[in-house]
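Q:
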Amino acid sequence: MSPSPAKGPLLLGVRHHGPGSARAVRAALEAARPEAVLIEGPPEGDALLPLAAEEGMRPPVALLAHAADDPGRAAFWPLAGFSPEWVAIRWAQEHDVPVRFIDLPAAHSLAAEGDGQEGDGPEAVRLDPLAVLAETAGYDDPERWWEDVVEHRGAGGAREDVLGAFEALGEAMGALRDAYGDGGHRRDLVREAYMRQRMRAARREFGDAYAVVCGAWHVPALRAKATVAADKALLSGLPKAKVETTWVPWTHRRLARAGGYGAGITSPGWYAHLFSARDRPVERWLTKVAGLLREEDRQVSSAHVIEAVRLAETLAAMRGRPLPGLTETLEAVRAVMCDGSDIPLALIEDRLVVGDVLGEVPDGAPVVPLQRDLTRQQRTLRLKAEAQDRELELDLRKDTDTAKSLLLHRLRLLGVGWGTPAASRSGTGTFRETWRLRWEPELSVRIAEAGIWGTTVLGAATAKAEADAAGAEELGDITALAEQCLLAGLAQALPAVLRALADRAALDTDVARLAKALPALARSLRYGDVRGTDATALGAVAAGLAERICVALPSACTAGLDADAAAEMRGHVDGVHGAIGLLADAGEGLRERWSAVLATLAGRDTVPGLIRGRAARLLLDDGRLPAEETARLMGLALSPASSPADAAGWIEGFAGGSSGGGTLLVHDDRLLGLIDTWLVGVPERAFTDVLPLLRRTFGAYEPGVKRTLGELVRRGPGGSAAASASSAPDGFAPELDPERADAVVGLVRMLLAG
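Positions 1236 to 1989 (this note's numbering) are the ones given, in order, by the sequence shown.
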């Protein structure tokens, strides 16, 4: 026999985001017909409740509250379509009944968070009420227990039957509160004191003809007899902050516990299905699964669905469950539709069990001006915010794609990471960009934070860039900022950034930092040219930086560098070499000076072998080092007078990395012969020391290159491929054929332009 309802207001204890609780709440409200509905939530959201009834509102959504002077201090109260609180709100609005939030105001909770007083402390052990009740009932899984006693329970019947479940759950929570007190949730005592105050105010207005929808854990405390004085004592002295609230879109994925929401659930997509499927939920669910697998080109027929339904029902019967739950359905899907594989099952769990449903809020919801400008640009550019990953390919020769690129770069500079640059799969070139887009609810907080910089995306990004330039301490930070400004089209911020860059570069004497900064400036000039940005001043700064590097680099490479420092300096040499090649306006004079620097590095014995070898290779690739001189330098580096470790470093610098060293050795028998002769003559004890360097160098070659090199070495000095310096490898003529080379010029130009 169901327990009789207690006298007083109707207390409906629920599980947040529980579809069974949501159905039961609607049935209880229909049966009791209260004159007002009070809901666990921040009272600052009362003014926003009318928006819940507007056509443009589609859950999941969340109430967002943030401190007015510190938008990063924020809190969310998410609501899905199957949340009992959302159902109660909509029922009250449909029946023209007052609805209010009664939880502790966000003004207090956010102020306490800012003062470091929020929460129960890291040492607090918090009780999980559902886990205790499930264990008491003999279940090892709280989710499975909740499904059996609530989600699979019908919500129809007489008033006593509808309210009986709430009374029983309230009694169970009362026993837990008697045994465990606050269960480690000390802040709940303050919240419950405030809720009781709001209930007293509702009693003065409506008598006991009102309903309260709250977490079941709070029901015993709200039903307990507490004095007004005691509650006021708990609430006295609470810090307070000015807060702003609004509705923001939420996602099913963020409702999951893995998304960081404390009252989350493990399977929001499954719960949404249970709430929307009024009859035959298992059959409808497995039909959805079959549809998803068919979209992934898996062979799934109606017979598979029928067999999976039978298997799920059989498993539920064997386990004594009233209906198949998520565990049984997934086991049936794995066995029948996935052939026992967990790979397609992981897809089902990601897309259907959790899901990427993104809610919507109406245009009338209050937002910061920056959000309003962003929304306008999203609509103009047709960039829809979506919860799942999506790749966006942009061609910067098109005005619309350029506008999209500028918007995404500006948002990144503001700390709003809606888009992340990705490697393009359709080609290379400065005119192409690929972005990976994914909208997360937390980005609404980032936008609110960025609102302090301006009311438009362009204005805010410009102000943020100028402030970052003024506060930057490292030269590399300013060069990266200059690159961001050009990518984001922030012409108004560029002068301030360049002034900071010039000032910092003039004071910096560390050639490594200068060398690290130059490539970013060269890329900035390159992208500025693509976007039509005037970067003349940036080019002058880059050229001046390159001149200083040319003067300081040789001495920096001869200061007794160890192996790690030499490797780092080699990377700087590569970066500067590539950057000078990109400085189109630098003139031949700068390139000649850089070539002279490389020649100095290649011929100076005091420079580590790794850097000498790299300098020689760069000169050879640019056509500034004859083949005979290259062979002479290699012969000196690999002579018996050089230490094996230094010689191995020279080889690594010359032939290692992704510079095509293997291909060079395949087609230049003299260089290969020099390396082969040196390697054979390395003493046995020294060989074990240089072997790691050699393996790192030659192990990076393509398999085909390694096979060819092995064949050439196997033939030996007397082989046909290495007979003389004038003979060419198989398949190649001794000399270049100009007519055949000119035939590919057009194709190369087309590839580089793409």
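Where a beta carbon is used, it is the ideal one built from N, C-alpha and C, also for glycine.
#1: Judging by CA-CA distance, which residue of Gly1654, Trp1670, Gly1694, Ala1695 is the nearest neighbour of Leu1678?
#2: When the Cα of Val1992 is compared with those of Ala1862, Asp1856, Gly1844, Glu1782, which residue comes out closest?
#3: If Val1592 sits next to Thr1486, beta carbons under 8 Å apart, how far is it from one beta carbon to the other, in whole angstroms?
#4: Helix, strand or coil for Gly1248, going by three-state DSSP, please let me know.
#5: Which residue's Cα is closest to the Cα of Gly1243: Ser1790, Leu1457, Ala1775, Arg1920?
#6: Thr1990 lies in the alpha helix (DSSP H); which residues open and close that run?
#7: Evaluate Lys1477 with the Cβ neighbour count: other Cβ atoms within 10 Å of its Cβ, from every protein chain shown; 16 or more gives buried, anything less gives exposed.
#8: In angstroms, rounded to a whole number, what distance separates the CA positions of Val1786 and Asp1738?
#9: Using the beta-carbon count (16 or more within 10 Å), is Gln1719 buried or exposed?
#10: DSSP three-state label for Cys1573, please.
#11: So, Gly1253 versus Trp1312, is the Cβ gap smaller than 8 Å?
#12: Short check: CB of Leu1716 to CB of Ala1702, under 8 Å?
#13: Taking the alpha carbon of Pro1938 as the reference point, which residue from Pro1364, Gly1897, Thr1615, Ala1791 has its own alpha carbon closest?
#14: Report buried or exposed for Val1980, applying the criterion of at least 16 other Cβ atoms within 10 angstroms of its Cβ.
#15: Nearest-angstrom Cα distance between Gly1497 and His1330?
#16: Can you list, in chain order, the stretches of the alpha helix (DSSP H) that have 4 or more residues and sit fully within the segment 1253 to 1285?
#17: If you draw a straight line from the alpha carbon of Pro1340 to that of Glu1279, how long is it in whole angstroms?
#18: Closer than 8 Å is the cut-off here; do at least three beta carbon pairs connect the segment 1368 to 1385 with the segment 1429 to 1445?
#19: Around the C-beta of Leu1742, are 16 or more other C-beta atoms found within 10 angstroms, so that it is buried, or is it exposed?
#20: DSSP on Ile1337, reduced to helix/strand/coil?
#21: Among Arg1529, Val1517, Ala1369, Ile1541, which residue has its Cα nearest to the Cα of Thr1562?
#22: Using 10 angstroms around the beta-carbon of Ala1446, count the other beta-carbons present and answer buried if the total reaches 16, otherwise exposed.
#23: For a test of the three-state rule: what should DSSP assign to Arg1758, helix, strand or coil?
#24: Suppose you measure from the CA of Trp1482 to the CA of Gly1307; what does that come to, to the nearest Å?
#25: Between the C-alpha atoms of Ala1185 and Leu1643, what's the straight-line distance to the nearest angstrom?
#26: Hey, is the segment 1501 to 1508 in contact with the segment 1573 to 1591, meaning 3+ C-beta pairs nearer than 8 Å?
#27: Considering only residues of the same chain and omitting the five flanking positions on each side of Leu1909, which have a CB-CB separation below 8 Å?
#28: Is the number of C-beta pairs between the segment 1321 to 1338 and the segment 1617 to 1631 that are closer than 8 Å three or more?
#29: Tell me whether the beta-carbon of Phe1441 lies closer than 8 Å to the beta-carbon of Ala1263.
#30: Below 7 Å CB to CB, which residues in the same chain sit around Pro1240 once its five sequence neighbours on both sides are set aside?
#31: Could you spell out where the beta strand (DSSP E) holding Phe1317 opens and where it closes?
#32: Confirm, please, whether the CB-CB distance from Val1680 to Leu1605 is below 8 Å.
#33: In chain order, which alpha helix (DSSP H) runs of at least 4 residues are fully inside the segment 1492 to 1532?
#34: Grab the span of the alpha helix (DSSP H) containing Cys1720 for me, first residue to last.
#35: Between the C-alpha atoms of Glu1566 and Lys1639, what's the straight-line distance to the nearest angstrom?
#36: DSSP three-state label for Ala1300, please.
A: If we stick to the structure as given:
#1: Cα-wise, what sits closest to Leu1678 is Gly1654.
#2: Lying outside 1236 to 1989, the shown extent of the chain, residue 1992 is not represented and no answer is given.
#3: 6 Å
#4: strand
#5: Cα-wise, what sits closest to Gly1243 is Leu1457.
#6: No answer is possible for residue 1990: it lies beyond the span of the chain, which begins at 1236 and ends at 1989.
#7: exposed
#8: 19 Å
#9: buried
#10: coil
#11: no
#12: no
#13: Gly1897
#14: exposed
#15: Here the model assigns Gly1497 a pLDDT of 45, short of 50, so the residue's position is not dependable, and the following value carries that caveat. Taking the CA atoms as reference points, Gly1497 sits about 32 Å from His1330.
#16: 1254 to 1267
#17: 7 Å
#18: no
#19: So Leu1742 ends up on the exposed side.
#20: It is coil, neither helix nor strand.
#21: Val1517
#22: buried
#23: In the three-state reduction of the DSSP assignment, Arg1758 falls in the helix class, which pools H, G and I.
#24: 16 Å
#25: This structure cannot speak to residue 1185, because the chain is shown only from 1236 to 1989.
#26: yes
#27: So the list reads Ala1866, Met1869, Gly1870, Leu1873, once near-sequence residues are dropped.
#28: no
#29: no
#30: Any answer about Pro1240 is weak, because its pLDDT of 44 lies below 50 and its placement is not dependable; what the coordinates show is given next. Once the five neighbours on either side are set aside, the close Cβ partners of Pro1240 are Leu1398, Glu1402.
#31: Phe1317 -> no beta strand (DSSP E), and no H or E assigned at all.
#32: no
#33: 1503 to 1511, 1516 to 1530
#34: Looking at the DSSP string, the run of the alpha helix (DSSP H) that includes Cys1720 is 1710 to 1722.
#35: When rounded, the distance between both Cα atoms is 44 Å.
#36: The answer is strand: DSSP assigns Ala1300 an E or B state.
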